[in-house]
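Per the working numbering, the sequence shown starts with residue -1, numbered consecutively.
Glycine included, each C-beta is placed from N, C-alpha and C at the ideal position.
These figures come from a predicted structure and were not determined experimentally.
Comments concern the structure below.
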Amino acid sequence: MNSKIFINLLSVVFFTCTLFVTVPAMGQIPIKGMQLALNKISAEDADAALDDVSPENLQKKAKEPKQEVLPQSVQPEVKKPKQDDSPQSLQQEVQELKREVQRMRDESEARKRLEVPEEEKSKSVEDILSAVSRQYTLLKKGTIGLGYTFGYSYYSGDVITDKVEQRSNHNLTNIIDTEYAILNNLTVSANVPFAYKYNKVGTSSSQEATDFGDISLGVQWQPIKAGGIYPTTILSAGVTFPTGTSPYEIDPSNSLSTGNGYYSFSGGVSLSKTLDPLVAFGNLSYSYGLPVSGLSQVRGTSNNLIKVEPGSSIGFALGFGYALSYQASLNLSTQFSYAFGSKYTFSNAGVIESGSYVSSSFNVGTGWRVTPTRSVYFTLGIGLTINDPDFAFAIRVPFEF
C-alpha cells in the first residue's frame, strides 16, 4: 500500500517537472516567429489589414459577388481614362480648332485683297505705258480719245557777236490730240499744236512768236495680239504738215518760227513687255523730210536761200516703268537720235551742207490715277547734248468717250 502511494507520488512529480520544462520551450517558438513576421509588416499595411477585418468591410465583402482572381500575366489591361479626354479639355480643343479655322479664313481674305485681278493688272500696265508715250497703247474699237498736253522747254547758251551774251529761249506749247479706234488693233490719230516762243539775247534784244505748230496725222497698228512670250508690238506711221511758221520764210533777226517748214514722213516700231513687277519698253523710229524749193529768203547781205534738203534722222528709246500703287506709276527712259546733215542751196554761194548731229535726253515720267477713269501724266526731260533743251516738262490729261 505504501509502495503504491510512493510510486504515484513519484509519477506526479515527474509529470510536473516535464510539464514545467516543455511548456516554456513550446511558447518561445511562435513568439519568435511572430516577431520576425511583424518586422516585415509596415504600419500602413497593418492599418489596411485592420480596416479589412473591420465589421463594416466584412459585411460589404459578404454582399459583393465573388470574383475569380486571375494571375497577373492573364489579367486584362484596363485602360484608364486620360485627363485630356475630360469634357473641359474637349471644349478647349474645339475652341482652338475654331480659332485656327478663323485664322485661315483671315489669311485667305488677305491674299485675295493683295492679289491684283487680271483686268486691274492690264489697266495698270496700260497706265504705265500711257504715262511714257501714246505710241505704246491702243484704244478699244469704237473709242474716241481726246487729250490735252501742256509742254515747256528751256534752252540756254552763249551767243558770240562783238561780245559774248547769254541766250535764253522759252518754248510753250499747247497740243490737242485726238484718236479713234477703227479696230481693237488699229487706231488713227491727229495732233494740233499751238505754240508760243520767247527768245532773249543779252539784256536788250528779244523775240517772240505765237502761232500754230505743225499738224500731224498718224496711224498705229498692232499685228500681234498682246500677251504670251512675244512682246507687244505696235507699228506706227505718220505725216507732218508745215502748218506752223516756217523758219525759211521769216526774217531770222526779228522773228521766230513755230514749225519745221517742210513735209516729213515717219515710221517706227514700239515694243513693250511685262517683266513682273516691271514693264520694259522701247522703240525705233525713222524720219524723212521732203525737200523745199522755190524759197527766197535773204541770209546775210547778198545770199539768197532758194532750196533746202533736210536730212533724215533715226532714233531709238529704251526704258522701264513700275507701278508704285494702283494710283501711281513711275517710268525712266532715255532716247537717242542721229540726224544726217542737210543741204542748203543759195543763189550766189551754191550748195552748202551742214554737218550731222546727235541729240539725247533722259526722261522721268509719272502717272497718277485721280479717279477710276481719269489719269494725269507728268514727264520731265533733261537734255544731254547742246542740241537738246536744258530741261523740258509736259503734263497730259487724256479723255475717252
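Helix, strand or coil for residue 121? Go by DSSP, reduced to three states.
helix
Identified DSSP bridge partners for residue 399
None; residue 399 has no bridge partner.
Is the Cβ-Cβ distance between residue 392 and residue 377 less than 7 Å?
yes
Pick helix, strand or coil for residue 248, following the three-state DSSP scheme.
coil
Quick one: is residue 103 buried, meaning 16 or more other Cβ sit within 10 Å of its Cβ, or exposed?
exposed
Check whether the Cβ atoms of residue 359 and residue 382 sit closer than 7 Å, and answer yes or no.
yes
Identify the residues that DSSP records as bridge partners of residue 142: which are they?
178
Please name the residue, chosen from 246, 197 and 176, that lies closest to residue 147 on a Cα-to-Cα basis.
176
Judging by CA-CA distance, which residue of 317, 189 and 385 is the nearest neighbour of residue 130?
317
For a test of the three-state rule: what should DSSP assign to residue 209, helix, strand or coil?
strand
Given a cut-off of 7 Å on the beta-carbon distance, is the pair residue 153 and residue 387 in contact?
yes
Between the segment 347 to 361 and the segment 90 to 108, are three or more C-beta pairs nearer than 8 Å?
no
Three-state secondary structure (DSSP) of residue 220
coil
Please name the residue, chosen from 186, 198 and 194, that lies closest to residue 166 on a Cα-to-Cα basis.
198
Around the C-beta of residue 333, are 16 or more other C-beta atoms found within 10 angstroms, so that it is buried, or is it exposed?
buried
Burial state of residue 212, where buried means 16 or more other Cβ atoms lie within 10 Å:
buried
Compare the Cα-Cα distances from residue 216 to each of 256, 228, 171 and 264 and report the closest residue.
264
Whole-angstrom C-beta distance between residue 314 and residue 365, which should lie under 8 Å
Going by Cβ atoms, the distance from residue 365 to residue 314 rounds to 23 Å, so no, they are not a contact pair.
Using 8 Å as the threshold, is the segment 304 to 312 in touch with the segment 282 to 294, meaning 3 or more CB pairs across them?
yes
Is it true that the segment 172 to 191 meets the segment 130 to 143, where meeting means three or more beta-carbon pairs spaced less than 8 Å apart?
yes
So, are the CB atoms of residue 142 and residue 399 less than 7 Å apart?
yes
Going by the CB atoms, is the gap between residue 321 and residue 254 shorter than 7 Å?
no
Specify the secondary structure class of residue 198 as computed by DSSP and reduced to three states.
strand
Quick check on the DSSP output: the beta strand (DSSP E) that includes residue 278 runs from which residue to which?
276 to 287
Secondary structure at residue 350, three-state DSSP: helix, strand or coil?
strand
Cut-off 8 Å between Cβ atoms - residues of its own chain near residue 344, not counting five sequence neighbours on either side:
297, 301, 302, 303, 304 and 350
Go ahead and pull the three-state DSSP assignment for residue 184.
strand
Residue 210 and residue 242 closer than 7 Å at C-beta:
yes
Continuous beta strand (DSSP E) stretch holding residue 333: start and end
326 to 337
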